[in-house]
Structures are given as C-alpha cells and as structure tokens.
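Okay, so here's the structure we're looking at.
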C-alpha cells in the first residue's frame, strides 16, 4: 500500500516540473522573433517531446491557460495546422512586489547567479533547433526573463549623506516639468511603488519636502561638515513614507530604433512617425511607469535606440551616459610612433 507521506513530496516534485516546463516554454516564445507552430513548440520543449501524443497535447493546452492567467499576452494566429504562437510583447509584467533591505540583498545575489546560469542545456538546445530552422532570434535571449533589481544612481550618495547628517544640493525636475536647484537636509530615504523617495528639510523653501529620486538630474552634491543638522524629534519616518502616493498611470515616449536592433523594445512598442527620426531608424511609441527603469532598459542599446521625446527622458539618458563616461574615463589614445 502506498505511503501517504509520499504524496506531498510527489506533488512538490510534479509542481516543480510543471514550473520548469512553463519557464522553458516561455523562454522559447520570448526568444523567437516570429510566430512558432504548435509542432515546433512540442518538439522544442523537452517535457512535451518526451511525452506521448495525447499527454503532450493536454500539457500544452493547460500551459497556455496558465500563461494567460499569469498575464502573459499569448497571440494565436491561423487555425488548425496553420496555428502559430507569439508573445505580443517581450516583457512579462507581474504585480509589483515590495522587498525589505535584506530580501533585496539576497535577490541581488541570486541575480548574479542567474546571470551566470540563466540559459540551461535544454534551452540552448531549443535555440539551436530554432536557428537551424531559420527562425530569427533575439540577440540577447532570455533577458526579459532575467530578474532585475534596479536602483536610482542618486541613492548611494544620498544614503551616505543621510547617515552622516550632511546637507546635499541637487537639480530637481518637478512633476510639472519645472527645474530648480535644491538645498536639502536628508531625513528619510524609502521606497514606494518601486521608486525611491527622499524626505527632508528644503533649506530654500524652509519647509519639509518629498523628492522622487528618479526626478533628480545628475548626481547630488554633499557639502559641509557631517552632523550639520538634527532630525526633529517629532519626525516619524514610517508615517511620512506612508503619506507618499506613487505616481499612477503610464507615460509615453517616442524612440527611434535602428534597423532590426532591439527586438524587445520593438515588440513592446507601436510603430509611429516622428519628424526627428534619423535616416535608417524607425520611430516607436512605448509606455513606461518609471523613468529610471526605462533609462536602464534602453541604455545597453547605445546609439541603436535614440530617445526622441519627451525632452526630460532625453536629458535622463544623456545624464546616464555622462556618468558612464565619468566612471570609466575616456578611451586611452594610441601613442604615435
């Protein structure tokens, strides 16, 4: 008679296998830049290929339902033998999750490990089959499935100033687009809705203010001695953070993409026209929630993706590249003989 204690273990093993199969299926769909037939998917995903005809069909139908329940926009074209599958966007958007500082540290470690081992042997074999069949692939397979923890470039400087009770100056772009210099005593740093915020005493306005780090232009400049001020006794950091209501809704940006580069950007955007589109580029309209996250998404493409509008996003991209140049220095010039 079977041991009932083995049932939870069996369910856990089966659940893990189902999860791995879903990730494998999603990886193949995300990597391909053109629709794939059901026959191709059944052959490429190992669990399907190892199962019998009836079993693999049932698994595939269940997996399609699960992916849609998870928010994956799976597009089906054609009917019957001509049915094809493609992701409507290269990005899989899940509900936003808040993490504590220790949790973020552990996830950052996991991210580094993932970066080294993100493409398993089965996935590499699937990509080889796709390439051999003439299917065009994303030049950076799996990037959309890799975990990503982003932080604002101003965060480290402000944390140091906050810990040392040192004043800071920075250029700040308000929600209405107005740009002004700020002189602030940092009181509290915290995260809400995926964005970092600074609460402090604005010396220019002589009142406490809240600042979204993504709206800081350039790098904040600490000045003066440490312990230059004291946080008032009646300041409640937790209560002040709870008062912050993250900005809702999406903003639009127009970017120019060179040729067939940046397929993930092209997949999640809509082709459009723009008078400033350079020759050899196509304009695309895309939506975003956080400016800094979009900067970090677009920056790796360099000159192959150009921001046409809005102006503040162009400025943020320029600030990012200037920080990169400042951090790594200019290219050494060759000595002439």
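In the numbering used here, the protein residues as written are 212 to 548. Just so it is clear, CB atoms sit at the ideal spot from N, CA and C, and this is done for glycine as well. Please read these numbers as outputs of a predicted model, since none were measured by experiment.
In the DSSP secondary-structure assignment, residue 467 is bridged to 494, 517.
In this chain, the alpha helix (DSSP H) harbouring residue 271 covers 264-280. In the three-state DSSP reduction, residue 258 falls in the helix class (H, G or I).
Residue 252 has its alpha-carbon roughly 48 Å from the corresponding atom of residue 409. Judged by DSSP secondary structure, residue 433 falls within the beta strand (DSSP E) whose first and last residues are 427-434.
In this structure, DSSP gives residue 290 a state outside helix and strand, which the three-state scheme calls coil. The three-state secondary structure of residue 242, taken from DSSP, is helix. Counting only residues of its own chain and dropping the five nearest sequence neighbours on each side, residue 260 has a CB closer than 7 Å to the CB of 253, 254. Rounded to the nearest whole angstrom, the CA to CA distance from residue 288 to residue 501 is 33 Å.
Residue pairing by DSSP puts residue 379 in a beta bridge opposite 395, 433.
Here the alpha carbons of residue 505 and residue 394 stand approximately 27 Å from one another. If the five residues before and after residue 448 are omitted, its C-beta is found closer than 6 Å to the C-beta atoms of 399, all from its own chain and listed in chain order. Counting along the chain, the unbroken alpha helix (DSSP H) around residue 453 starts and ends at 448-453.
Taking a 10 Å sphere around the C-beta of residue 480, we find 16 or more other C-beta atoms and assign the residue as buried.
Counting every other CB atom within 10 Å of its CB across the protein chains shown gives residue 272 a total below 16, marking it as exposed. Of the candidates 270, 374, 452, 452 places its Cα closest to the Cα of residue 406. In the structure shown, the three-state DSSP call for residue 388 is coil.
Straight-line measurement puts the Cα of residue 292 at about 18 Å from the Cα of residue 266. Counted as a single uninterrupted DSSP element, the beta strand (DSSP E) harbouring residue 482 occupies residues 481-483. According to the DSSP assignment, residue 295 belongs to the beta strand (DSSP E) that extends over 295-298. Residue 365 carries a coil assignment under DSSP once its states are collapsed to helix, strand and coil.
The alpha-carbon separation between residue 284 and residue 370 amounts to approximately 39 Å. Listed as beta-bridge partners of residue 249 by DSSP are no residues whatsoever.
Around the Cβ of residue 463, a 10 Å sphere holds fewer than 16 other Cβ atoms; the residue is exposed.
Put simply, the segment 430-446 does not touch the segment 491-498. Fewer than three CB pairs are less than 8 Å apart.
Contact between the segment 481-490 and the segment 523-542 is absent: fewer than three C-beta pairs spanning the two stretches fall below 8 Å. When secondary structure is reduced to three states using DSSP, residue 445 falls in the coil class, being assigned neither helix nor strand. Short of 6 Å from the beta carbon of residue 240, and not among the five residues preceding or following it, lie these beta carbons of its own chain, in chain order: 298. In this structure residue 427 touches residue 383 by the C-beta definition: roughly 6 Å separates them, less than 8 Å. In the same chain as residue 412, and ignoring 5 residues on each side of it, the C-beta atoms closer than 8 Å to its own belong to 395, 396, 398, 418, 419, 420, 440, in chain order.
Taking the Cα of residue 237 as reference, the smallest distance to any Cα among 250, 248, 256 is reached at 256. Spanning the alpha carbons of residue 368 and residue 277 requires a straight line of approximately 43 Å. Bridge partners of residue 508 according to DSSP: none are assigned. Residue 232 sits in a helix when the DSSP states are folded into three classes. By the Cβ neighbour-count rule, residue 274 is buried, with 16 or more other Cβ atoms within 10 Å of its own.
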